[in-house]
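Enquirer:
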């Protein structure tokens, strides 16, 4: 998208230079040429101004827009940001939400039946892929060029490629994840394995920073307290903090000598399984892990029936404060973040670039140009800031370059009023948005303390970039990947509990992967990676 615009600008510059080169013979000729150029420029500006004035999308009556978005437990039209959106854009909007259950089926049924929503805002990559595959979406290229400059400027080339179909048609608008960068990694650590500060102090130990130290920590805790020190839940088979000690992490895909390799075929996946089996067999991990829900695990941790809980994020802290206080009012949550392999290794952390949501317009939309114009107005940088975190001095302040929430004053206008604002805001540069997002990380003193503490050691990490989320939007990947990952996770959990020989277990999982679409997914992801690997450097 940006390349197209750049090409047009380059062509204009060449024509301009060519025109100027003809006026160098005499001063009168030069003056005449300059006058001519000035006249031409004036005429062009005038023409553009007239074109804008004559464009009914920009200057005419604005229709009420129908917006369909994801399920939320709240009413979109009761949010402060909804009101601000209407004031900034001049558009009245009617919001609709997909149901909590069977959202994919409902969306496909609505669109196939000709429902005339003007824009489908923030659908999932899977939903987008299904609609794209069914040719239910319109080409947005021309409208974005004409009405979407704020949108196109905020989105990366790689993200645009992820919503360009096989015919070269751009039929989606990616909402890129708010992230730290390799250049500015502060804030990239948001959680890990929570540890009770009181028990850590009783053990007289520091927070572990590598796999060897973590194992020793669990063994010391087991010996002192007599119960399994680490609790987790059935959905956390792949614990990011531990995976990092085996050359992996949050990412599922890795460059292994140029081959884009899923976690299931990573050279150290067998060693990771063996380590998890050790923790489970030796009573270092909760025996109920295979049946625990996340709430079960947190309850054990809060009641001091576990020393550590995986995973916990800093945003879990507000809900945990009162629970911890009933056992020990002085107890805090400290965090073990992504571990290194050993004391001589540098820990790594993957920054997961991607777009978790896509906005698109169906063939049945009655006002597609207006929908783009509406989203573009919301994506103007100042408008985005206004809708996302509010007004400086009222809902937030900037202290030492950090966005900090304001909770004093009226809850109808202070930071509390913007709790759900990200679902109603426009498009913005993800790194800039991430800095604003950090105001949410400082929502309570306990959250702020934990967030600052874990990121105090961010310079010890080697940040790595993963671009896999862009590749996963491919219909070829979406067709198989959900079922494949579910089967892999289930089989891996079973192997942990049963203590199956790691080599035998992984071989069986890989064979099942290959037989059920894994090879097709690998081929699609390899093609994507070969074309875009430079973005991960």
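In the working numbering, the protein residues as written are 658 to 1194. For each residue, glycine too, the CB sits at the ideal point set by N, CA and C.
1) Measure how close the beta-carbons of residue 968 and residue 776 come, nearest whole angstrom, since I'm counting them as under 8 Å.
2) Quick check: the Cα distance between residue 786 and residue 1132, rounded to an integer number of angstroms?
3) In whole angstroms, give me the CA-to-CA distance for residue 980 and residue 987.
4) Taking the alpha carbon of residue 1083 as the reference point, which residue from 1101, 830 and 892 has its own alpha carbon closest?
5) Nearest to residue 1164 by alpha carbon, out of 847, 930, 732 and 806?
6) Going by other Cβ atoms of all chains shown within 10 Å of its Cβ, with 16 needed for buried, is residue 1042 buried or exposed?
7) Quick check for students: name the residue ranges of the alpha helix (DSSP H) that lie wholly in the segment 967–993, counting only runs of 4 or more.
8) What is the C-beta distance between residue 1154 and residue 937, in whole angstroms, given that I count them as a contact (C-beta under 8 Å)?
9) Just the C-alpha distance for residue 1005 and residue 839, rounded to the nearest angstrom, thanks.
10) For residue 846, collect the residues of the same chain with a Cβ closer than 7 Å to its Cβ; drop the 5 residues on either side in sequence, then sort them by chain order.
11) With residue 1089 as the anchor, note down where its alpha helix (DSSP H) starts and where it stops.
12) Is it right to say residue 742 is buried, meaning 16 or more other beta carbons lie within 10 angstroms of its own, or is it exposed?
13) Evaluate residue 1003 with the Cβ neighbour count: other Cβ atoms within 10 Å of its Cβ, from every protein chain shown; 16 or more gives buried, anything less gives exposed.
14) When we look at the beta-carbon of residue 1100 and count the other beta-carbons within 10 Å, is it buried (16 or more) or exposed?
15) Rounded to whole angstroms, what's the CA-CA distance from residue 1012 to residue 1191? Just pull it up for me.
16) Residue 1010 and residue 913: beta carbons closer than 8 Å?
17) Take residue 1051 as the anchor and find which of 1037, 1073 and 1030 has the nearest alpha-carbon.
18) Using 8 Å as the threshold, is the segment 768–775 in touch with the segment 717–730, meaning 3 or more CB pairs across them?
19) Take residue 816 and list the residues in its own chain whose beta-carbon comes closer than 7 Å to its own, dropping the five residues that flank it on each side.
20) Could you check the C-alpha separation between residue 1019 and residue 806 for me, to the nearest Å?
21) In chain order, what residues of the same chain have a beta carbon less than 6 Å from the beta carbon of residue 1029, not counting five sequence neighbours either side?
22) In its own chain, which residues sit with a C-beta less than 8 Å from the C-beta of residue 890, not counting the 5 before and 5 after it?
23) Which residue comes first and which comes last in the alpha helix (DSSP H) that contains residue 1043?
24) From the DSSP secondary-structure annotation, give me the bridge partner or partners of residue 849.
25) Rounded to whole angstroms, what is the Cα-Cα separation between residue 1175 and residue 925?
26) Unbroken beta strand (DSSP E) runs of length 3 or more, entirely within the segment 897–927: which are they?
27) Report the residue from 1090, 1096 and 1038 whose alpha carbon sits nearest the alpha carbon of residue 1054.
28) Is residue 886 buried or exposed, if buried means 16 or more other CB atoms sit within 10 Å of its CB?
29) Assign residue 893 to one of three DSSP states: helix, strand, or coil.
30) If you follow the beta strand (DSSP E) that residue 942 is part of, which residue opens it and which one closes it?
31) Please state the DSSP three-state secondary structure of residue 1189.
32) Should residue 1060 and residue 1104 be called a contact, given that it needs their Cβ atoms to be closer than 8 Å?
33) By Cβ distance, which residues of its chain are closer than 6 Å to residue 1216, with the 5 residues on each side in sequence left out?
34) Residues in its own chain within less than 7 Å of residue 828 by CB, not counting five upstream and five downstream?
35) Please go through the same chain and pick out, in chain order, the residues whose beta-carbon is closer than 7 Å to the beta-carbon of residue 749, but skip the five residues on each side of it.
36) When the Cα atoms are used, what is the spatial distance from residue 1129 to residue 1182?
Expert: Looking at the atomic coordinates:
1) For the purposes of this step, residue 968 is taken as residue 311 along the chain shown, with counting starting at 1. For the purposes of this step, residue 776 is taken as residue 119 along the chain shown, with counting starting at 1. Between residue 776 and residue 968 the Cβ distance is about 34 Å, and since that is not below 8 Å, they are no contact.
2) Here residue 786 corresponds to residue number 129 of the chain shown, with the count starting at 1. Here residue 1132 corresponds to residue number 475 of the chain shown, with the count starting at 1. Cα-Cα distance, rounded: 5 Å.
3) Within the chain shown, the letter at position 323 stands for residue 980. Within the chain shown, the letter at position 330 stands for residue 987. Each residue's alpha carbon lies about 12 Å from the other.
4) By one-based count along the chain shown, residue 1083 stands at place 426. Nearest option by C-alpha distance: 830.
5) By 1-based counting over the chain shown, the position of residue 1164 is 507. It is 930 whose Cα lies nearest to the Cα of residue 1164.
6) Working through the chain shown from its first residue, we reach residue 1042 at position 385. Label assigned to residue 1042: buried.
7) 974–984
8) Here residue 1154 refers to the residue found at position 497 of the chain shown. Here residue 937 refers to the residue found at position 280 of the chain shown. Their Cβ separation, rounded to whole angstroms, is 7 Å, which keeps residue 1154 and residue 937 in contact under 8 Å.
9) As a first step, residue 1005 is located in the chain shown; it is residue number 348 there, counting from the start. As a first step, residue 839 is located in the chain shown; it is residue number 182 there, counting from the start. Approximately 12 Å, taken between the alpha carbons.
10) For this step, residue 846 is matched to residue 189 along the chain shown. Within the same chain, residue 846 has close Cβ partners 994, 1006, 1111, 1112 and 1115.
11) Within the chain shown, numbered from 1, the residue matching residue 1089 stands at position 432. Counting along the chain, the alpha helix (DSSP H) containing residue 1089 begins and ends at 1087–1098.
12) The residue you call residue 742 lines up with position 85 of the chain shown. That one is buried.
13) Sequence index remark: in the chain shown, residue 1003 carries index 346 (1-based). Exposed, by the Cβ-count rule.
14) Locating residue 1100 in the chain shown gives position 443, where the first residue counts as 1. Answer is buried; the Cβ neighbour count reaches 16.
15) Numbered from 1 along the chain shown, position 355 holds the residue referred to as residue 1012. Numbered from 1 along the chain shown, position 534 holds the residue referred to as residue 1191. Computed Cα separation, rounded: 18 Å.
16) Walking along the chain shown from the start, residue 1010 turns up at place 353. Walking along the chain shown from the start, residue 913 turns up at place 256. No; because the gap between Cβ atoms is not below 8 Å, this pair is not in contact.
17) Here residue 1051 refers to the residue found at position 394 when the chain shown is read from its first residue. Considering only alpha carbons, the answer is 1073.
18) yes
19) Taking the first residue of the chain shown as 1, we reach residue 816 at position 159. Here the set comprises 831, 833, 1012 and 1127.
20) As a position in the chain shown, residue 1019 is number 362, starting the count at 1. As a position in the chain shown, residue 806 is number 149, starting the count at 1. Between residue 1019 and residue 806, the C-alpha separation is close to 21 Å.
21) By 1-based counting over the chain shown, the position of residue 1029 is 372. Answer for residue 1029: 800, 804 and 805, listed in chain order.
22) As a position in the chain shown, residue 890 is number 233, starting the count at 1. Contacts found: 946, 949, 950, 951, 953 and 954.
23) Counting from 1 along the chain shown, the entry for residue 1043 is found at position 386. Residues 1038–1046.
24) Counting from 1 along the chain shown, the entry for residue 849 is found at position 192. For residue 849, which the question treats as bridged, DSSP gives the partners 969.
25) As a first step, residue 1175 is located in the chain shown; it is residue number 518 there, counting from the start. As a first step, residue 925 is located in the chain shown; it is residue number 268 there, counting from the start. Those two C-alpha atoms are separated by around 19 Å.
26) 910–913 and 916–919
27) To locate residue 1054, count along the chain shown from 1; it is residue 397. Here the closest residue by C-alpha is 1096.
28) What you label residue 886 is simply residue 229 of the chain shown in a count that begins at 1. Its Cβ being crowded by 16 or more others within 10 Å, residue 886 is buried.
29) The count along the chain shown starts at 1 and reaches residue 893 at position 236. It is coil, neither helix nor strand.
30) Residue mapping note: residue 942 aligns to position 285 of the chain shown, counting from 1. It is not in any beta strand (DSSP E) - residue 942 carries neither H nor E in the DSSP assignment.
31) Here residue 1189 refers to the residue found at position 532 of the chain shown. Here residue 1189 sits in helix by DSSP.
32) Start at 1 with the first residue of the chain shown, and residue 1060 comes out as number 403. Start at 1 with the first residue of the chain shown, and residue 1104 comes out as number 447. Not in contact: residue 1060 and residue 1104 (Cβ atoms no closer than 8 Å).
33) In the structure displayed, the chain extends from 658 to 1194; residue 1216 sits before or after that span and is not available.
34) The residue you call residue 828 lines up with position 171 of the chain shown. Answer for residue 828: 789, 794, 795, 796, 797, 820, 822 and 1017, listed in chain order.
35) Residue 749 sits at position 92 when you count from the first residue of the chain shown. Closer than 7 Å at the Cβ level, and outside the excluded window around residue 749, lie 721 and 743.
36) Numbered from 1 along the chain shown, position 472 holds the residue referred to as residue 1129. Numbered from 1 along the chain shown, position 525 holds the residue referred to as residue 1182. Straight-line Cα distance between these residues: approximately 7 Å.
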